[in-house]
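The block underneath contains the structure these notes are about, expressed in structure tokens.
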Amino acid sequence: MKVSLIGITGGSGSGKSTVVRKITEAHKDSICIAQDNYYKSATFVNNDNITSYNFDRPEALDLDLMYENLVDLKNGKAIDMPLYDFVHHARREETMHVEPKSVIIVDGLMVLYDEKIRNLLDLKLYVDTPADIRFVRRLQRDIKERGRTVDSVIEQYINVVRPGHEKYIEPCKAYADLIIPEGGYNENALFVLVNHVQTLAKNL
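Pasting the structure below:
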């Protein structure tokens with residue numbers, strides 16, 4: 550089986566997940582590999598001290614394992630993908646068995662940062678959304694899904710997330726084949742993207 554890898558990156562809360570959903574809905578033989586599942590365990594972190602640990606840096610991720618998994622998938626081999634618990638900040642004991650598909654979407658903050666992973670990708674996308682919108686989305690998500698407080702989300706954003714975005718993520722825009730303003734709300738860009746992905750898959 551020939552496999553096409555599509556990398557999607559952008560700041561936290563930029564709308565990457567919506568773009569992923571649009572592609573997977575349009576192309577059924579596809580699957581998403583979320584870079585979030587490759588975070589290293591940090592069980593000492595809790596809601597009281599979370600602002601002291603920087604998740605928004607490459608060292609917080611097991612990029613070597615992710616690279617190995619993506620190489621296997623691109624070569625038509627199944628993997629057992631790790632899963633991450635964001636409430637307890639630890640890798641789960643169970644894994645997810647993933648069979649290769651014709652289109653594999655790789656979604657995450659550092660997808661274009663790591664050169665080895667970047668070189669595996671057949672299409673590189675950057676979702677570009679204004680910082681205020683990204684912050685509001687992150688605030689809502691972290692409170693609703695990760696049991697965070699408003700104050701801790703704000704402190705983490707100012708001290709860690711924003712500097713990490715400016716240092717590691719924003720510069721990766723230069724590697725993108727396509728920049729999508731406003732993420733999932735840009736219907737015209739999504740229409741062009743979905744059609745391109747379908748053409749890419751047909752030509753494999």
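One gets my numbering by counting positions in the sequence shown from 1 and adding 549 to each.
Think of the CB as a built atom: it goes at the ideal place given N, C-alpha and C, for glycine as much as any other residue.
If you're wondering where the values come from, they're calculated on a predicted model, not measured in any experiment.
| query | result |
| --- | --- |
| Whose C-alpha, out of D578, A723, P649 and I718, is nearest the C-alpha of F604? | I718 |
| Within 10 angstroms of the Cβ of N586, are there 16 or more other Cβ atoms? Answer buried if so, exposed if not. | buried |
| Quick one: what's got a C-beta closer than 8 Å to D759's C-beta in the same chain, skipping five residues either side? | Residue 759 lies beyond the residue range present for the chain, which begins at 550 and ends at 753; the question has no answer from this structure. |
| Might you give, ordered along the chain, the residues of its own chain that have their beta carbon closer than 7 Å to the beta carbon of K606, omitting 5 neighbours on each side? | Correcting the residue identity first, residue 606 is Arg in this sequence and not Lys. These residues qualify, in order along the chain: G713 and Y717. |
| In this structure, does DSSP put D681 in helix, strand or coil? | helix |
| Which value, in whole angstroms, describes the spacing of the CA atoms of L612 and I654? | 16 Å |
| Taking C-beta to C-beta, are V660 and Q584 nearer than 8 Å? | yes |
| From V552 to A639, what distance separates their C-alpha atoms? | 30 Å |
| V702 and R687 look like a contact to me (Cβ under 8 Å); what is the Cβ gap, rounded to whole Å? | 7 Å |
| Where does the unbroken alpha helix (DSSP H) through H745 begin, and where does it stop? | E736 to K751 |
| Return the residue from the list L554, G564 and M550 that minimises the CA-CA distance to I728. | G564 |
| Pull up the DSSP beta-bridge partners for M630, would you. | M645 |
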